[in-house]
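Residue numbers (the UniProt record's numbering): 1 to 102. Just so you know, even glycine gets a beta-carbon here, dropped at the ideal spot from N, CA and C.
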């Protein structure tokens with residue numbers, strides 16, 4: 001039996017507590033829920049939001065990054081981005097030339 005890849009480490013309780021705290025802090029930072037979208041507003045994935053506006057997912061990402069879609073119209077939960085249906089409909093009404101009609 002080959003044991004070349006087996007490593008043993010000795011850690012104190014304080015080391016483990018510190019490591020767990022770091023992991024918990026990282027999780028909290030990546031999963032912060034932005035309160036810009038009210039709880040009663042429907043949240044749409046990028047795909048659903050692009051279908052609603054009649055544009056491609058690439059276009060909605062570009063619009064978000066360039067600021068064409070206002071910051072209060074989307075939020076990040078962990079890594080995924082979600083869009084406020086209400087805000088996107090408001091955006092579509094105010095920017096008819098940018099949105100394809102259905």
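Rank 44, 19, 66 by C-alpha distance to the C-alpha of residue 88 and give the top, closest one. 44
With DSSP run on the structure shown, which of helix, strand or coil describes residue 84? Here residue 84 sits in strand by DSSP.
Is the Cβ-Cβ distance between residue 92 and residue 84 less than 7 Å? Taking 7 Å as the Cβ cut-off, residue 92 and residue 84 do not qualify as a contacting pair.
Where do the N-terminal and C-terminal ends of the beta strand (DSSP E) with residue 106 fall, by residue? Not covered by the structure: residue 106. The range shown for the chain is 1 to 102.
Taking C-alpha atoms, which residue in 96, 86, 59, 24 lies nearest to residue 42? 86
Reduced DSSP category for residue 65 - H, G, I as helix; E, B as strand; rest coil: helix
Residue 17 to residue 11 span [Cα, whole Å]: 10 Å
DSSP three-state call for residue 13: helix, strand or coil? helix
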